[in-house]
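Enquirer: Residue numbers (this note's numbering): 291 to 477. Ideal Cβ positions, reconstructed from N, Cα and C, are used throughout, including at glycine. Quantities reported herein were computed from a predicted structural model and do not represent experimental measurements.
(1) Would you call the CB atoms of residue 362 and residue 390 closer than 8 Å?
(2) What first and last residue would you give for the alpha helix (DSSP H) that runs through residue 399?
(3) Return the chain-ordered list of same chain residues with a C-beta closer than 8 Å to the C-beta of residue 423, the five sequence neighbours on each side being excluded.
(4) Could you pull out every residue in the same chain whose Cβ sits closer than 7 Å to the Cβ of residue 382, ignoring the five residues on either side in sequence?
(5) Okay, do the segment 460–468 and the segment 366–375 touch, 3+ Cβ pairs below 8 Å being the bar?
(6) Sorted by chain position, which residues of the same chain lie with C-beta nearer than 6 Å to residue 439's C-beta, five sequence neighbours on each side aside?
(7) Could you compute how far the alpha carbon of residue 429 sits from the alpha carbon of residue 350?
(8) Rounded to whole angstroms, what's the CA-CA distance from residue 385 to residue 433? Just pull it up for me.
(9) Just to confirm before moving on: does the CB-CB distance between residue 415 and residue 378 stay below 8 Å?
(10) Just verifying my parser: in three-state terms, what is the DSSP assignment at residue 405?
(11) Could you check if residue 474 is buried or exposed, using at least 16 other CB atoms within 10 Å of its CB as the buried criterion?
(12) Would you mind giving the Cβ-Cβ distance between residue 354 and residue 393, rounded to the nearest angstrom? I have them listed as a contact below 8 Å.
(13) Anyone know if the C-beta pair for residue 466 and residue 339 falls short of 8 Å?
(14) Which word fits residue 420, buried or exposed, when buried means at least 16 other C-beta atoms lie within 10 angstroms of its C-beta?
(15) Relative to the C-alpha of residue 395, which candidate in 360, 345 and 344 has its C-alpha closest?
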């Protein structure tokens, strides 16, 4: 026990409270948007990181008729009526909208729809937007990765034949080459 206390004696070089007794590593980074954390035992040297593709959230895009604006009715935009079910993040949302409401009204209705379980709003799990430039209504998950799936049953396009379609997210594809080793995919 006496030997153990020596490790806490601040006058001794073996003091466990002194940061100089721990392995430290330093990382430098060029560019923006990448955070590197190193741990004791990391090999000193230059690492190469290759990002082949970024992770993506599940996304559904639906095209409205040419020239549609947020104040265009669903009927005039070729999108109505909108009666469908959305499943994401373990929650189910049921939305029914008449064809006489506008695209903007539909977006508000979607954002404020509570899950069938009543615990969350759809806007807590997805972003919902309409681009007047492209004429597309987009429903996109907020979490990326292939385990994230947006499932839409009876989606916005009438007679589309897309019933119960899954729209999965995608994982990032990243490779790292440590000093003296070959390229390896980061999981």
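Expert: Let's see:
(1) no
(2) In the DSSP annotation of this structure, the continuous segment of the alpha helix (DSSP H) that includes residue 399 starts and ends at 393–402.
(3) Sequence-distant Cβ neighbours of residue 423 in its own chain, meaning closer than 8 Å and more than five residues away, do not exist here.
(4) Only 375, 405 and 406 meet the Cβ criterion.
(5) no
(6) Excluding its 5 nearest sequence neighbours in each direction, residue 439 has C-beta neighbours in its own chain below 6 Å: 348, 456 and 458, listed in chain order.
(7) 5 Å
(8) 22 Å
(9) yes
(10) coil
(11) exposed
(12) So it is a contact: roughly 7 Å between Cβ atoms.
(13) yes
(14) buried
(15) For the options 360, 345 and 344, the alpha carbon positioned closest to that of residue 395 is the one of 360.
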